[in-house]
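Protein sequence lines correspond, in order, to chains E and W. Here the first sequence is numbered in our numbering, starting from 5 and rising by one per residue. Here the second sequence is numbered in our numbering, starting from 5 and rising by one per residue. Ideal placement from N, C-alpha and C gives every residue a C-beta, glycine not left out. In this text the structure is predicted, and so the values were computed from the model without any measurement. Shown next, in structure tokens, is the structure this report addresses.
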Amino acid sequence: MPSRERVEKMNLKGKVALITGGSRGIGRAVSIRLAGEGAFVFVNYARNEEAARETLRLIGEAGGEGQIVRFDVADTKAATEAIAGLIREKGRIDILVNNAGESRDGLLVRMKEQDWDRVIDTNLKGTFNGCRAVSYAMMKQRSGRIINVSSVVAQSGNAGQANYSASKAGIIGLTKSLARELAPRGICVNAVAPGLITTDMTSAMTEEQREKVLEEIPLSRLGTPDDVAGVVLFLASDEAGYITGQVIGVNGGLYM
Amino acid sequence: MSIEEKVIEIIVEQLDVTREECVPEASFIEDLGADSLDLVELIMAMEENFGVEIADEELQKIRTIQDAINFIKKKKGLAS
């Protein structure tokens, strides 16, 4: 049984968090989890307001508090202004989870330039936009946690995902560089690299693809958004104060 | 508050130095012990306080407190 002190240390009371792409999937689970531990959670979404509202409702059910905020992470101006606005509103920002992402799969030989650009813009530039928008405030606070959502395919590669895996590998380089830059101010920057997680993004898989991939996963099941949210919570908590510049795989052993 | 006083106030706060150390010819890095992150933070605080933008090329030329004061005055359209 965990000691009382340990449980307390995961407490995020009084902290302000922003989760990009918080309306669905991993972002939703992270939003609920952090809010459930007491953080005030800004749930960012780009298009699906209904889903974002549902996340907010689930936050309320978990006894937490939050607010939805609409902007496209790939739109530098809009994202920068929106994040500056919410930092002004709360007077601080403690946790940023750069989770917003999209995929446009296809073999590189036939990949359209727009499909390359869009995925890089949302996943990699979107993460840059988020990081840059919170860095100065966190530097002034002398504290903060940034958790970037990468992917197992950043490390392993995946046929049909040249754009997606490149964007997610880019996030790892960004994470390590920023971890070095912000360490003197007590800010920790880490990445999580989920494997196959049951979300809208992976539901497009055929039964056959699913079976085949399960054979590759030592824990022989797909991951859930909550599997990832638990690790993000840990990285956001006081328990993880000596961890920075790391990539934590959450993949059931798919990649070691 | 004059620009000189305001600049020094920002430096004292950001770099955690005393007012006495803030002589005009003091160099941020050699005399006041600032590192690159301190400098960025200092410049951003000045941008915020004076409502000016300081480009990276201009940053290279700001070595001492006097440089910073002159720079802000010039940006504000005041002769030094």
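Beta carbon proximity, residue i to chain W, threshold 8 Å
i, result
"E/T84", "no"
"E/M209", "no"
"E/P222", "no"
"E/M5", "For E/M5, the pLDDT reaches just 47, beneath the cut-off of 50, and the residue's location in the model is therefore unreliable, leaving the point undetermined."
Contact with chain E by residue i, beta-carbon distance below 8 Å
i, result
"W/E45", "yes"
"W/I66", "no"
"W/L19", "no"
Host alpha helix (DSSP H) of residue i (start-end)
i, result
"E/P2", "In the structure as shown, chain E starts at 5 and stops at 260, and residue 2 of chain E therefore has no counterpart that could be examined."
"W/V27", "Here W/V27 belongs to no alpha helix (DSSP H), and DSSP marks it neither H nor E."
"W/F54", "40 to 54"
"E/V157", "156 to 160"
"E/V153", "Looking at the DSSP string, E/V153 is not in any alpha helix (DSSP H); the run it does join, the beta strand (DSSP E), is 148 to 153."
"E/N102", "Element bounds for E/N102: not the alpha helix (DSSP H) but the beta strand (DSSP E), 99 to 102."
"E/Y140", "130 to 145"
"E/Y49", "Here E/Y49 belongs to no alpha helix (DSSP H); instead the beta strand (DSSP E) covers 44 to 49."
"E/K17", "Element bounds for E/K17: n/a, residue is neither H nor E."
"E/Y168", "166 to 186"
"E/L90", "80 to 94"
"W/K79", "69 to 79"
"E/S35", "29 to 40"
"E/T59", "53 to 65"
"E/S123", "Reading off the sequence, residue 123 of chain E comes out as Val, not Ser. Here the alpha helix (DSSP H) through E/V123 covers 117 to 123."
"E/R214", "211 to 220"
"W/E13", "7 to 19"
"W/L63", "60 to 65"
Residues that residue i contacts on chain E, provided the C-beta gap is smaller than 9 Å
i, result
"W/L41", "M143, E185, L186, P188, R189"
Chain-ordered chain E contacts of residue i [CB-CB under 8 Å]
i, result
"W/M48", "Y140"
Residue span of the beta strand (DSSP E) that contains residue i, given as start and end
i, result
"E/L22", "20 to 23"
"E/I252", "251 to 254"
"E/E69", "69 to 74"
"E/Y191", "Note that residue 191 of chain E corresponds to Ile in the displayed sequence, not to Tyr. Segment 191 to 198, the beta strand (DSSP E) holding E/I191."
Neighbour flag for residue i against chain A, beta carbons, 8 Å
i, result
"E/S155", "Any reference to chain A falls outside this structure, whose protein chains are E and W."
When the Cβ atoms of the stretch 227 to 234 of chain E are set against those of the stretch 13 to 27 of chain W, are three or more pairs found closer than 8 Å?
no
Inter-stretch contact at 8 Å, needing at least 3 Cβ pairs: the stretch 83 to 98 of chain E / the stretch 138 to 149 of chain E:
Contact between the stretch 83 to 98 of chain E and the stretch 138 to 149 of chain E is present, because at least three Cβ pairs lie under 8 Å.
With contact counted as at least three CB pairs below 8 Å, one residue from each stretch, are the stretch 27 to 39 of chain E and the stretch 61 to 70 of chain E in contact?
yes
Is the number of C-beta pairs between the stretch 215 to 222 of chain E and the stretch 147 to 167 of chain E that are closer than 8 Å three or more?
A contact is defined here as three or more CB-CB pairs under 8 Å, and the stretch 215 to 222 of chain E fails this definition with respect to the stretch 147 to 167 of chain E.
Specify whether the stretch 202 to 213 of chain E and the stretch 173 to 183 of chain E touch according to this definition: at least 3 beta carbon pairs, one from each stretch, less than 8 Å apart.
no
Determine contact between the stretch 127 to 139 of chain E and the stretch 76 to 88 of chain E, defined as no fewer than three beta-carbon pairs at a distance below 8 Å.
yes
Within the chosen definition, does the stretch 99 to 119 of chain E reach the stretch 158 to 173 of chain E through at least 3 CB pairs nearer than 8 Å?
yes
Assess, as a yes-or-no matter, whether the stretch 37 to 46 of chain E is touched by the stretch 242 to 249 of chain E under the definition of 3 or more beta carbon pairs within less than 8 Å.
no
Check whether the stretch 248 to 260 of chain E touches the stretch 6 to 19 of chain W, taking contact to mean three or more Cβ pairs, one atom from each stretch, closer than 8 Å.
They do not touch, by the three-pair rule.
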